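Participant:
2 protein chains.
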Amino acid sequence: MLKEERQQFILNEVRVHNRVLLTDMADLLKVSMDTIRRDIKELHKEKKLKKVHGGAISLGFNNYSFQFNEVYSLEKKSKIAVKCISLLRNGQVLLLTGGTTNMELARMLPTNLTLTCFTPSLPVANQLMSKPNVEVIFVGGKIAKDAQIAMGAAAVNILNSIKVDICFLGTHSIDLDEGLTEFDWEIVQMKKAMMQASRKVIAPVISEKLNTKQRYRICDIQHIDMLITELDANDDKLIEFRSKNIEVL
Amino acid sequence: MLKEERQQFILNEVRVHNRVLLTDMADLLKVSMDTIRRDIKELHKEKKLKKVHGGAISLGFNNYSFQFNEVYSLEKKSKIAVKCISLLRNGQVLLLTGGTTNMELARMLPTNLTLTCFTPSLPVANQLMSKPNVEVIFVGGKIAKDAQIAMGAAAVNILNSIKVDICFLGTHSIDLDEGLTEFDWEIVQMKKAMMQASRKVIAPVISEKLNTKQRYRICDIQHIDMLITELDANDDKLIEFRSKNIEVL
DNA sequence: CAAACTTATGCAAAAAAATGCAAATAATTG
DNA sequence: CAATTATTTGCATTTTTTTGCATAAGTTTG
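Quick mapping for you: the protein sequence lines, in order, are chains Z and B. For what it's worth, the UniProt record's numbering labels the leading residue of the first sequence as 1, then goes sequentially. For what it's worth, the UniProt record's numbering labels the leading residue of the second sequence as 1, then goes sequentially.
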C-alpha cells in the first residue's frame, strides 16, 4: 500500500468517525505504529487533522478556536475594556463586534448600566445575557464556526437598517497608511456595515496590533473616531495617530 | 478513549447541563476521579469552563430559567430526541425552537449528519456549533433573557422570508381541544411564524405536557404533522391524537 | 467539631512520542 | 542496466505523557 493511500485512508477515517486511534490504524493497515505516527504528523502539519496523544481528531470537532486567544494578552484587554466602559452612559445603543477584546468588554460591563447592545457574536451575546439592564439584540445570519459570528448578506442587511450611538470595532490589524485590515473578506463586509450603522466608531486595539497589515482593507484610518489601547496616552506609537485627528485614550 | 475526546465530552456536558459533577464524569467515562480532576483543571486553565468544588460549571452561560427544567425529565427528552433524529436525512433544512427538548436534540445530533439549521435560540445555536457538518443560521432579533431566544418583529420578519423542510416545535402545552398553547404572547407570535416557515411541523412533547393548557393559543392540533413523545406508540393517551390524523411516534 | 467528601501531591506503572539508526524500497542518473 | 541517491519503514532506546493509587491536607455540611 502506498503512503498516499494510507494517509487518505486515515483522513477518511477521521472524517467519518471524527477520531482515530494510532493502534487501530497500525493494526488495520498492517504497518508499525511509527509509520502511522509519521503519517499523522505530516497530516497535522498540513492542517488536515489534529494530532493528539494516542491518535488524531477531526479539525472541525472542537471548534472553539476563538477561545485559544482567550488567555493571550488578557490583561491588556481588560485594561482596554475599562477605558471603553468609562465612555458609556445610560441609555446608549451599542454595536459590538466579536473578538476577545469585546468579550472582555461585555464581561466587565457594570450591572447597573442600562444599555441596548446589538451584536452578531454568539459569545458576546451570551456574555451580555448576565447583565440585567442590557437589552441584547442579536444580528442574525449564517454563523461562521471559527469566529462564532453571524455573517453574510442577511447580517449585513440588518446592519444596514439600524443606526446606533457607538460601535466598538475589534480589529485584527491597524496601520497608519493601510488603515484597518482583515484577512477574511466576509468579515470585512460585516465591519464595513457596522461602521456605516454607527454614529461613532471606536477601535479597541492592543498595542501588538498597531502598525500591522492584512490582505483586505476595511477602511482608512480617518474613519475611526477613537482609538483605545492599553498604552499610556503619550506613547510614541500613538502620536502619529493623534496627528491624523483620531482621539486616543 | 482519547484524552481530547474525554475533555470534549466534559465540555459538551457543561454546555448542556451548565454543570458537571466529578463523580458523574468519572463514572460515565470509566476513568478515575483524578483523571477527570486533571481534565477539568486543564480546561479551567484554558478558560473553557470554571472549576468548582466537586466538579465544574459553565462560564459563558447563566441560565436561571434553564437550570430548572434541565434536570427534570432529561431522560424522557433524550428518548424523544433519538426519535426525532431518526427522521433526519442528510441535506435537510431544519428550524429549531428553544427549550430543553430541542437542546437535547441538538446535543445528540450525530456529527456526520449534514444539515442546515435555523434557530432563534442562543443555547441551541451554541450547541450546534460543535457539529462540524451543520450549517447554523441564527434568526436574530431582540433576545428574551429568560428563554434566551430571539423574538419580536425582526425575528418574525426573518422567519416570514424562509421555508424549511422540518420544524421541531417545542411546546409548553398541548391539548386535544385547545391545541398548542403558550403563556407568553411574544412566543406565540414566534411559533406561529415558525410553523408558517416550515413544510412539516413536528412537535416533540414529553407526556407531562399532553392535555395541558395555557393562556394563549398558537394553533389547532390539526396543524401539527407529527407528535413525538417518549411513550409507546399505542399508549392510551395517544389514541385520540392519532384519530385526529396526526402521526404519532 | 466531626464525619463525609473533595483536593493536592508525590510516586510508580503503563502507554505513547521522539530520536537515532539500519534495512528495504523506490527514484534518479550516467 | 548498474550505481548512486533519496525515501520509506521498522526497530531499539530514551524521554515524555498519561493515569491510577496512596497519603495528607483542605472543604462542606449537619
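Even glycine gets a Cβ: it sits at the ideal position worked out from N, Cα and C. The structure presented is a predicted model; accordingly, all values stated were derived computationally and were not measured.
Closer than 8 Å, CB to CB, is B/Glu5 near chain Z or not?
Facilitator: yes
Participant: Are the CB atoms of B/Val124 and B/Ala144 nearer to each other than 8 Å?
Facilitator: no
Participant: Please confirm if Z/Asn90 has its CB atom under 8 Å from at least one CB of chain B.
Facilitator: no
Participant: Please state whether DSSP places B/Leu2 in a helix, a strand or coil.
Facilitator: coil
Participant: Would you decide whether B/Met103 is buried or exposed? Buried here means 16 or more other CB atoms lie within 10 Å of its CB.
Facilitator: Counting the other Cβ atoms within 10 Å of the Cβ of B/Met103 gives 16 or more, which makes it buried.
Participant: Can you find the residues in the same chain that come closer than 7 Å, C-beta to C-beta, to B/Val20, ignoring five residues on each side of it along the sequence?
Facilitator: Ile10, Glu13, Val14, Gly55 and Ala56
Participant: Can you pull the chain B neighbours of Z/Phe138, defined as C-beta to C-beta under 7 Å?
Facilitator: Phe138, Gly140, Gly141, Ile143 and Ala150
Participant: By the three-class DSSP mapping on this structure, what secondary structure does B/Ser121 have?
Facilitator: strand
Participant: Give the DSSP-derived three-state secondary structure of B/Glu9 in the structure shown.
Facilitator: The sequence given here has Phe at residue 9 of chain B, not Glu. Looking at B/Phe9 - three-state DSSP - the assignment turns out to be helix.
Participant: Shorter than 8 Å from the beta carbon of Z/Leu172 to some beta carbon of chain B?
Facilitator: For clarity, residue 172 of chain Z is His in the given sequence; the question names Leu instead. So no, Z/His172 is outside the interface.
Participant: Using a Cβ-Cβ cut-off of 6 Å (strictly less than) and excluding sequence neighbours within five positions of B/Gly140, which residues of its own chain qualify?
Facilitator: Ala150
Participant: Just how far apart, CA to CA, sit Z/Val205 and Z/Leu28?
Facilitator: 51 Å
Participant: Provide the residue(s) that pair with Z/Gly141 in DSSP beta bridges, ordered along the chain.
Facilitator: B/Phe138
Participant: Is there a Cβ from chain B that is less than 8 Å from the Cβ of Z/Ser58?
Facilitator: Using beta-carbon distances, Z/Ser58 counts as an interface residue toward chain B, with a partner under 8 Å.
Participant: Across the segment 154-167 of chain Z and the segment 85-98 of chain Z, are there enough close Cβ pairs to call them in contact, namely three or more that are closer than 8 Å?
Facilitator: yes
Participant: Which partner residues does Z/Thr116 have in the DSSP bridge list?
Facilitator: Z/Val93 and Z/Glu135
Participant: What three-state label does DSSP hand Z/Arg215 in the structure shown?
Facilitator: coil
Participant: Using 8 Å as the Cβ pair cut-off and three pairs as the minimum, do the segment 228-242 of chain B and the segment 77-85 of chain B touch?
Facilitator: With the cut-off at 8 Å, the segment 228-242 of chain B and the segment 77-85 of chain B touch.
Participant: For Z/Ile158, which of Z/Ala147, Z/Lys142, Z/Arg242 and Z/Glu247 has the nearest alpha-carbon?
Facilitator: Selected option, being the one with the closest Cα: Z/Lys142.
Participant: According to DSSP, simplified to helix, strand and coil, what is B/Lys79?
Facilitator: helix
Participant: Would you mind giving the Cβ-Cβ distance between B/Asp175 and B/Lys237, rounded to the nearest angstrom? I have them listed as a contact below 8 Å.
Facilitator: That pair is no contact at about 12 Å.
Participant: Which complete beta strand (DSSP E) runs does the segment 157-239 of chain Z hold, if anything under 3 residues is left out?
Facilitator: 164-168, 173-175, 179-182, 198-204, 216-219 and 226-228
Participant: If the criterion is Cβ atoms closer than 8 Å, does the pair B/Asn160 and B/Gln189 meet it?
Facilitator: no
Participant: Can you round the beta-carbon distance between B/Leu120 and B/Ala155 to whole angstroms, since I take them to be within the 8 Å contact cut?
Facilitator: Note on identity: in this sequence residue 120 of chain B is Pro, with Leu being the wrong assignment. That belief holds up - the Cβ atoms of B/Pro120 and B/Ala155 are roughly 5 Å apart, short of 8 Å.
Participant: With a threshold of 8 Å between beta carbons, is residue 250 of chain Z in contact with chain B?
Facilitator: With chain Z represented from 1 up to 249, any question about residue 250 of chain Z goes unanswered, as that position is not in the structure.
Participant: Answer yes or no: does any C-beta atom of chain B fall closer than 8 Å to that of Z/Gly55?
Facilitator: yes
Participant: Can you find a CB in chain Z that lies within less than 8 Å of the CB of B/Glu230?
Facilitator: no
Participant: Contact criterion: CB-CB distance below 8 Å. Does Z/Val14 meet it with respect to chain B?
Facilitator: For Z/Val14, not one C-beta of chain B is nearer than 8 Å to its own C-beta.
Participant: Does any C-beta atom of chain B lie closer than 8 Å to the C-beta of Z/Leu122?
Facilitator: Answer yes: the Cβ-Cβ gap between Z/Leu122 and chain B drops below 8 Å somewhere.
Participant: Return yes when the Cβ of Z/Glu178 is within less than 8 Å of the Cβ of Z/Tyr216, no when it is not.
Facilitator: no
Participant: Cα separation between B/His44 and B/Arg199?
Facilitator: 44 Å
Participant: What is the C-beta distance between Z/Lys51 and Z/Ile36, in whole angstroms, given that I count them as a contact (C-beta under 8 Å)?
Facilitator: Wrong, their Cβ atoms sit about 11 Å apart, outside the cutoff.
Participant: Would Z/His53 and B/Lys30 be called neighbours here (beta carbons separated by less than 8 Å)?
Facilitator: no
Participant: Along the chain, where does the beta strand (DSSP E) that runs through B/Lys51 open and close?
Facilitator: Lys50 to Val52
Participant: Could you have a look at Z/Leu249 and say whether DSSP puts it in helix, strand or coil?
Facilitator: coil
Participant: If I measure Cβ to Cβ from Z/Met108 and keep anything under 8 Å in the same chain, skipping five residues before and after, which residues do I get?
Facilitator: Closer than 8 Å at Cβ, skipping near neighbours: Ser78, Ala81, Val82 and Ile85.
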